[in-house]
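Chemist: Here you go, one structure.
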Amino acid sequence: MDFQLGDKIISKKVHPCGGNQWTITRVGADFKIKCDTCGRVVMVDRVDFEKIVKKKL
């Protein structure tokens, strides 16, 4: 799957705040994603990121 900055994704697991929609803010060997519900920023490596993505919006 090809990801760009600013893409919105839906994760398989729900974030503790109750949201599952994220915005990609950094792309590379690691991904930085921001929760659209609470604003929390999380760094995830590429392998784990591709496992948690349910679909790209």
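So my numbering is basically just the index in the sequence shown, starting at one, shifted up by 264.
Virtual Cβ for every residue (Gly too), placed ideally from N, Cα, C.
Keep in mind the model is a prediction, meaning the values are calculated, not measured.
(1) Is the separation between the beta-carbon of Val305 and that of Gln268 shorter than 8 Å?
(2) Going by DSSP, what residues sit across from Ile316 in a beta bridge?
(3) Taking 8 Å as the limit between beta carbons, can you name the residues of its chain near Lys319, skipping five residues before and five after?
(4) Below 7 Å CB to CB, which residues in the same chain sit around Cys299 once its five sequence neighbours on both sides are set aside?
(5) Using the beta-carbon count (16 or more within 10 Å), is Val239 buried or exposed?
Modeler: A quick look at the data gives this:
(1) no
(2) Beta-bridge partners of Ile316 (DSSP): none assigned.
(3) Ile273, Ile274
(4) Excluding residues within five positions, the ones whose Cβ falls inside 7 Å are His279, Cys281, Gly283, Trp286.
(5) Any question about residue 239 goes unanswered here, given that the chain covers just 265 to 321.
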